[in-house]
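Reading through the structure tokens given below for one structure.
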């Protein structure tokens, strides 16, 4: 099973949002050890982990 994590940064954001996102994404390693990705902009931080089950070569997502 894959996993996603994220938070908005317009209010009570962590002091170091990139480090917080990396910790969150690392905590999801058991949900998907095959790939990971992050997306960041001034308002939002998103991360994901991928578990490759189907379409191993072509199933990678754009994040």
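Residue numbers (the numbering used here): 11 to 73.
Using N, Cα and C, we set each Cβ at its ideal position, and we do this for glycine too.
### Message
So, at 6 Å on beta carbons, what are the nonlocal neighbours of residue 56 in its own chain, with the 5 sequence-adjacent residues on each side left out?
### Response
If we look at residue 56 and ignore the five residues flanking it on each side, its Cβ neighbours are 16, 49.
#### Entry: Segments assigned alpha helix (DSSP H), at least 4 residues, entirely inside the region 23-57
27-37
### Query
Mind checking residue 61: buried by the 16 CB within 10 Å criterion, or exposed?
exposed
### Task
Assign residue 64 to one of two classes, buried (16 or more other C-beta atoms within 10 Å of its C-beta) or exposed (fewer than that).
exposed
### Query
So, helix, strand or coil for residue 63, using DSSP?
coil
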